[in-house]
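Read through the structure below, which is laid out as structure tokens, and then see the notes.
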Amino acid sequence: MPPAKRSSRPPKRSYDPAKVRKALIGQVEAVAAAAHALTAEQRALPSGLPGWDVDQLLVHIALQIDAVPRYLAGPEADAKAPGVDLSTWALSTASAAGDLDRETREQSARTSDALARIDEAVAQFEPVLESAVRTDLLIPHGFGAMRMLDFSVTRLVELVVHSDDLARATRTAVTLDRLALAATVRVLTDALAAKAPGSSVEVRVPPFAVVQCVEGPRHTRGTPPNVVETDPLTWVRLATGRVGWADARAAHAVQASGERADLEGQLPLMG
């Protein structure tokens, strides 16, 4: 009997609610503490994101935090509505970039104190932590019905990415919670496997994730002929367009071996 045909789409990863809750607490606390340590001069610096200064970045971070209580206070999604998983969310963010930029600018124009806006978001977030990791609640996200737990994982991705933006813009240290960074790396490697399904290239981001992707000859045993390996922070920056593939290779931040081990055409994954 021939072997059963295996799906090229990777299985959906599950996330531990207790770890997600702990990671949310850790990253929210870290970015809030970093924001309050900034000087007025640092908050006026360019954020590295088009058209935003650091104060506007802080307002955007506040919006990512208080999105959790906003969704929890709203209606539940219809259980029959099309669902959206984490890979689909990551690969769909580019389509919402314009709306997010507009919302951030509008909120920033109405905000006289970005630090107070961060504090307000944290104050609204803390009482709903237990509900934030519910697996039985569907919310009506813009891309489709999403489990509340998965939405909270998207907040980890947003917080890690923008904590790194804040650190690079202000040249200050912003702690990246280990659990939050791990979840972010896994969401983004899974998104790559969903975008470029296949088994010809193995992407390694130790110690958090390994995925196979890209169509081509299937590897079955021994050392894969096409391997890409990088560290977690470089991977996050590659996947979100903060650094380009060629620049990361030139800086020796990525090791790639094999004729198919070129991800330039697949990156970035998030807009």
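One point on numbering: in the working numbering, the residue at position 53 of the sequence shown is 54, and numbering is uninterrupted.
The beta carbon of each residue, even a glycine, is placed where N, CA and C say it ideally should be.
Under DSSP, Glu230 takes part in a beta bridge, and its partners are Arg205 and Gln256. Pro83 and Ala146 have their alpha carbons spaced roughly 6 Å apart.
DSSP places Leu264 outside both helix and strand once states are collapsed to three, so it counts as coil. With the rule of 3 Cβ pairs closer than 8 Å, the stretch 56 to 71 counts as touching the stretch 121 to 140. Looking at the backbone, the Cα of Arg14 and that of Glu42 are separated by about 42 Å.
If one requires a minimum length of 4 residues, the alpha helix (DSSP H) runs lying completely within the stretch 50 to 114 are 55 to 74, 87 to 93 and 98 to 110, in chain order.
Distance check between Ala78 and each of His142, Ala117 and Phe209 places His142 closest, using alpha-carbon atoms only. Annotated three-state conformation of Ala38 is coil, per DSSP. Cβ-Cβ distances below 7 Å link Val123 to Val29, Ala33 and Ile66 in the same chain, with the five nearest sequence neighbours on each side left out; the list follows chain order. Under the rule that a run must span 4 or more residues, the alpha helix (DSSP H) segments found entirely inside the stretch 169 to 200 read 179 to 196. Asp54 and Ala254 have their alpha carbons spaced roughly 27 Å apart. The stretch 16 to 31 makes contact with the stretch 164 to 184: 3 or more CB pairs, one atom from each, lie closer than 8 Å. Straight through space, the alpha carbons of Pro225 and Arg172 are spaced by roughly 38 Å.
Distance from the CA of Thr176 to the CA of Ser48, rounded to the nearest whole angstrom, comes to 18 Å.
The shortest CA-to-CA distance from Thr235 to any of Val215, Glu216 and Val204 is the one to Val204. Straight-line measurement puts the Cα of Ala80 at about 33 Å from the Cα of Gln267. Inter-residue distance for Ala194 and Arg148 is about 21 Å (C-alpha atoms, whole angstroms). When the five nearest sequence neighbours on each side are left out, the beta carbons in the same chain lying within less than 6 Å of the beta carbon of Ala257 are those of Val229, in order along the chain. Contact between Leu189 and Leu270 holds: CB atoms are separated by about 6 Å, below the 8 Å threshold. Shown here for Arg261: same chain residues with a beta carbon closer than 7 Å to its own, the five before and five after excluded, namely Ser201, Val202, Val215, Gly217 and Asn227 in chain order. Looking at the DSSP output, Ala210 sits in a beta bridge with Val206.
Pairing Ala133 with Ser153 gives a Cβ-Cβ distance under 7 Å. In the DSSP annotation of this structure, the continuous segment of the beta strand (DSSP E) that includes Leu139 starts and ends at Leu139 to His142. Straight-line measurement puts the Cα of Ala251 at about 32 Å from the Cα of Gln57. Taking a C-beta distance under 7 Å as the contact criterion, Thr112 and Arg118 qualify as a contact pair. Its Cα nearest to that of Gly245, the residue Leu264 stands out among Pro233, Leu264, Asp232 and Gly259. Rounded to the nearest angstrom, the Cβ distance from Ala210 to Val186 is 5 Å, consistent with a contact under 8 Å. Comparing alpha-carbon positions, the option among Glu107, Gly52 and Ser88 lying closest to Lys196 turns out to be Ser88.
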